[in-house]
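K.L.:
So that we are looking at the same thing, I have put the structure below in C-alpha cells.
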Amino acid sequence: MVWDRDQEAEAARIYRQYRRLLDTVARSILAQHPEDCEECVQDAIWAYVSGADKWNPERGSEQTYLCVLTRSRARDRLRRLSARREEPLADHQDYLTAGDQMEREAVRDGLRRALAELNREERRLFTLRFLYQWPSQEIGQAMGLSAGAVDARTARLRKKLKRLLARQGLGMGKEREDETL
Amino acid sequence: MRHYDWTELLDEEDLLQLTGEALPERPADRRRWSWRKLGAAAACAALLACVMNAGAIAAGAGQLIRYLAGMGAAEEDAALLVLEEPIQWTSGDWMFQVKAIQEGEYLTVDIDHFSLEEYPETETILPGRVAALEAGESLGHPYYTWQATENPLLTQGRQRYDAVYYNLQLLAEGVPQERGALQGDLWVNDQQIEGWLGPDHFHVNDVAMTYLARLLPGETLPGYAELGDVWCAGTVSATFRVGEQPEEGYTFRINDWKDDALWEFTLRLVPPAQLSYTKDVRRFPQGEVAALVSQDGRSLSFYADRTLAVNATEGNLWSVRAKEVSFIGASGTRYPAQPSYDRTSSAYMLIEYAAPPEMTEPVSAVEIGHVVLETMLFQKSVSDTGAPQWVRSFPRSYEYENLHWTVQLPR
C-alpha cells in the first residue's frame, strides 16, 4: 500500500481552485450557521477525493459535481441542525404544491416540463435562487447583473413559473400559502 | 394538497444539468473522455505498443533524456540542481528530512515530517499552540479549527487532517528570495496569490502550511520504506525564484506559527549524479511515454515530452504514474515495485519506482502492468505589463491496464 500523497495534493488543488464557489454554495444554505460552512466544504472535498462519491465526467464537469455535492452536504447538515434545535428548515422558501391524488413522478415530470419552457438565463436564475438559495449579490456576480436587477428578474421569474406550473396542474407558494390555479 | 421542496423532487441528474448550466463555465465544447471508451483505448495503445516495440527505438521522442540517480528521467538540457548533502534532524517525536530541487531560476524546498509515535507531541512543530487554544485565544486563521484534546493531531469527526503553519524563508547572502508558485510557465508570487484568493488564503503573511496525515496500517512513504511504522506524515513545500547561488550556499529558515525561529540550515545545490539506462517507448492516445530502467535494473522512471500538446482542449501530457510494476529476477520471480521518488511541478516530472529491498537477485526485466496518464491544460491571463491576472489548470486522467509492457535488460 502507498501513502496517498496524491489525495492530499488533489484536495489542496480542489480547495485552491473552487474554495470561493463552494463556500458560497455552503453559506447560502447554512447562512444561520456560518461556523459549519467550512467543515461542510471540506467534507465535500474529501468525499470527492477519497472516491466515496464517484464522479462520472459524462454527467457534468468537476465544478458542477462539487457544487451539487457541497449543496447536498449543506442541506443534510442543516436538517440535522434544525432537528436538534427544533427549528423549521426554512421559513421563507418557495414550495411546489400539487393535489393529493398526483403521483410524485407526475409532479416531477410536470416541474421538468415547466423548467424546460424557461430560457437559459431564467433557468440559471431558478437554479441559483431556488435550488442553491444564493443571495442576490452572488447571483448578480455570476450572471453579470446588479443585485437589484436580480431581484426584479426573480419577481418576474416567480410569476412566469407559476403560470408554467399551473399548466402542469401544479402550484407554487410559500409555506402554508397554498396557491393553485 | 401536498407541498414539495424543489430539491426533493429533482434527482441528481437534474441537479447536475441545472448546475452545469447555471455556473460560469470553463472552456466550451470540452470533449470528455468517456470511461466506456477506456477499454477500446487500452486495446489500441497495446496494439500500437507491440508495433513500436518490434524495434525497441533508441531515439524515442527525439528528446535526449538522462536518468538522475534517486530521482528519475529528465531532459538532457534541464538545468537541475539538487542538495549536495542530505539534511535531516530529529526533534521531540518528529523526524524531518529536507529535499530541494532547483530547475532554472525556481528552487523548491520540501520539508518532510514523520513520527513513529502513535500520539506524537505537538510542541515541536507548533510551540505554544495547544496552550493558546485552551486559553481561548484566537487561532489566527479563520478556516482551520483545532480540537482541544489531549492529542490535537488526532482529528475528531470526519476531518482527517490538521494543519501545521510555518513561515519559510530562503536567503541568499542575507537577502530574502521571492516566494510564490509556478503555474504552467507563469510565476506568481505570494502577494499576487493573495490578491487573487483574498487575505484568508493560506499564503497570507508568508505562512506555508501542510497537512499531517495519520497513515493507514500498511501504508508506506515513497522513499522512506526503511523507516518502518510511521504513524503521522506530511510535507510542507515552498518555491522561490532565485538568482545565482551564493558561494556559501543559501540560508533556509523555518519560523513557527508565531514567526519565532525554529530551525535554520544551509542549502547547497549541485548537479545530480546520472546513471546509464535502458529505454523503451510506447505511444498512447495522449502521447509517447518512455520507460527508463537504470543500469543495475533496480529502478524505473517514466519520461513524457511535456512540450507536445495532445490537442487544443486537452493541453499536454503532464505526468505518468504506474499502479502496477514488477521487477523480474533472473530466477523468474516477480517482485512488486515500491514508489521511490515523486516530484512533479510545472517545470519537471520526476517519478521513480524501485525494486524492494528483499529482491537480492539480479534484475532481468521490468514489467509495467497499469499506468495512469494525466494531461494538463493551462489557461492564463496576463496584463499588458506581463503581471499575471489569473491561471487555471484543467487536469484529466486516463488509466491503462493489462499493458504487459516489459523492458528487457541487456545481458
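Chains as they are written, first to last, in this note's numbering: chain C, 451 to 631; chain H, 140 to 550. Glycine included, every Cβ here is placed at the ideal spot set by N, Cα and C.
Leaving out five residues before and five after C:S478 in sequence, what residues of the same chain have Cβ atoms less than 6 Å from its Cβ?
P.N.:
The answer, listed in chain order, is Y582, Q583 and W584.
K.L.:
Could you work out which residues of chain C lie near H:G323, taking near to mean beta carbons separated by less than 8 Å?
P.N.:
The contacting residues do not exist; H:G323 stays about 14 Å from chain C at best.
K.L.:
Identify, in the order they occur along the chain, each residue of the same chain with its Cβ nearer than 6 Å to the Cβ of C:V600, setting aside the five sequence neighbours on each side.
P.N.:
Excluding positions up to five away in sequence, the list reads S586, I589 and G590.
K.L.:
Check the Cβ-Cβ distances between H:T158 and every residue of chain D, and say whether any is below 7 Å.
P.N.:
Chain labels in this structure do not include chain D; the protein chains are C and H.
K.L.:
List, in order along the chain, the chain H residues whose C-beta lies closer than 7 Å to that of C:G549?
P.N.:
Ordered by position in chain H, the residues that pass the 7 Å Cβ test against C:G549 are M140.
K.L.:
Using a 10 Å radius around the Cβ and a threshold of 16 neighbouring Cβ atoms, would you call C:K635 buried or exposed?
P.N.:
Lying before the first or after the last residue shown, residue 635 of chain C is absent from chain C, which here runs from 451 to 631.
K.L.:
What is the rounded straight-line gap between the Cα of H:L548 and the Cα of H:A400?
P.N.:
Taking the straight line from one Cα to the other gives about 50 Å.
K.L.:
For H:Y143, decide whether its Cβ has a neighbour in chain C, counting only Cβ atoms nearer than 7 Å.
P.N.:
Yes, H:Y143 counts as interfacial toward chain C.
K.L.:
Work out the CA separation of H:A443 and H:M191 for me, nearest whole Å.
P.N.:
Confidence in H:M191 is poor, its pLDDT being 27 and thus under 50, which makes the residue's placement unreliable; the coordinate value appears in the next sentence. So the two alpha carbons sit approximately 16 Å from each other.
K.L.:
The region 481 to 497 of chain C: which residues have C-beta closer than 8 Å to a C-beta of chain H, in chain order?
P.N.:
For the region 481 to 497 of chain C, which is checked against every Cβ of chain H, the residues closer than 8 Å are E488, E489, Q492, D493 and W496.
K.L.:
State the CB to CB distance for the pair C:L620 and C:V557, rounded to an integer number of angstroms; the pair is presumed to be in contact (CB under 8 Å).
P.N.:
Confirmed, about 6 Å.
K.L.:
Starting from the C-beta of H:F517, find all residues in its chain whose C-beta is less than 6 Å away, skip the five residues before and the five after it, and write them out in chain order.
P.N.:
These residues qualify, in order along the chain: G323 and S532.
K.L.:
Taking the alpha-carbon of H:L246 as reference, which of H:F391, H:D150, H:F235 and H:R437 has the nearest alpha-carbon?
P.N.:
For H:L246, the nearest C-alpha among the options comes from H:F391.
K.L.:
Quick check: H:V221 and H:P411, are their CB atoms within less than 7 Å of each other?
P.N.:
Yes.
K.L.:
Do the region 477 to 485 of chain H and the region 447 to 456 of chain H make contact, defined as three or more Cβ pairs closer than 8 Å?
P.N.:
No, they do not touch.
K.L.:
So H:L148 contacts chain C; which residues on that side make the cut at Cβ distance below 8 Å?
P.N.:
In chain order: L546, R554, V557, R558 and L561.
K.L.:
What would DSSP say about H:D153, mapped onto helix, strand or coil?
P.N.:
Looking at H:D153 - three-state DSSP - the assignment turns out to be helix.
K.L.:
Measure the alpha-carbon distance for H:V375 versus H:A494 and round it to whole angstroms.
P.N.:
Those two C-alpha atoms are separated by around 27 Å.
K.L.:
Give the secondary structure of H:P315 by DSSP, where H, G and I count as helix, E and B as strand, and everything else as coil.
P.N.:
Residue state, collapsed to three classes: strand.
K.L.:
So, using beta-carbon positions, are H:S254 and H:W233 closer together than 7 Å?
P.N.:
Their beta carbons are under 7 Å apart, which means H:S254 touches H:W233 by this criterion.
K.L.:
Would you call H:K462 buried or exposed, if buried means 16 or more other Cβ atoms sit within 10 Å of its Cβ?
P.N.:
Exposed: under 16 other Cβ atoms inside 10 Å.
K.L.:
Hey, H:S465 and H:E500: beta-carbon distance below 7 Å or not?
P.N.:
Not a contact, by the Cβ cut-off of 7 Å.
K.L.:
So, is H:S415 buried or exposed, given that buried needs 16 or more other C-beta atoms within 10 angstroms?
P.N.:
Looking at its Cβ environment, which holds fewer than 16 other Cβ atoms inside 10 Å, H:S415 is exposed.
K.L.:
Can you tell which of C:A497, C:C490 and C:R617 has the C-alpha that lies nearest to the C-alpha of C:L561?
P.N.:
Taking only the C-alpha atoms, the option nearest C:L561 is C:R617.
K.L.:
Do the region 503 to 513 of chain C and the region 547 to 556 of chain C make contact, defined as three or more Cβ pairs closer than 8 Å?
P.N.:
No, the region 503 to 513 of chain C is not in contact with the region 547 to 556 of chain C.
K.L.:
Under a three-way DSSP split, which group does C:A497 fall into?
P.N.:
Three-state DSSP puts C:A497 in a helix.
K.L.:
Grouping DSSP H, G and I as helix and E and B as strand, with all else coil, what is H:A271?
P.N.:
Of the three classes helix, strand and coil, the one that applies to H:A271 here is helix, per DSSP.
K.L.:
Might you give, ordered along the chain, the residues of its own chain that have their beta carbon closer than 8 Å to the beta carbon of H:A377, omitting 5 neighbours on each side?
P.N.:
The residues are T247, V248, L307, L309, R318 and A347.
K.L.:
Measuring alpha carbon to alpha carbon, tell me which of H:G159, H:E147, H:Y487 and H:Y537 ends up nearest H:G243.
P.N.:
The shortest Cα separation from H:G243 among H:G159, H:E147, H:Y487 and H:Y537 belongs to H:Y487.
K.L.:
Taking the alpha-carbon positions, what's the H:R141 to C:T547 distance?
P.N.:
Their backbone Cα atoms lie some 5 Å apart in a straight line.
K.L.:
By the three-class DSSP mapping on this structure, what secondary structure does C:W584 have?
P.N.:
Looking at C:W584 - three-state DSSP - the assignment turns out to be coil, as it is neither helix nor strand.
K.L.:
Got a sec? Which residues, its chain only, sit under 7 Å from C:R579 by beta carbon, not counting five neighbours each side?
P.N.:
Here the set comprises I589 and T604.
K.L.:
Among the residues of its own chain, which have a CB less than 8 Å from the CB of C:M622, if the five just before and after it don't count?
P.N.:
Cβ within range, chain order: D544, Y545, L546, T547, R608, L611, K612, L615 and E629.
K.L.:
Determine the chain C residues that contact H:E151 at a beta-carbon separation under 9 Å, and present them in chain order.
P.N.:
The answer, in chain order, is R509, V518 and S522.
K.L.:
By a C-beta neighbour count over all protein chains shown, 10 Å radius and 16 as the cutoff for buried, is H:F404 buried or exposed?
P.N.:
It is exposed - the Cβ of H:F404 has fewer than 16 other Cβ atoms within 10 Å.
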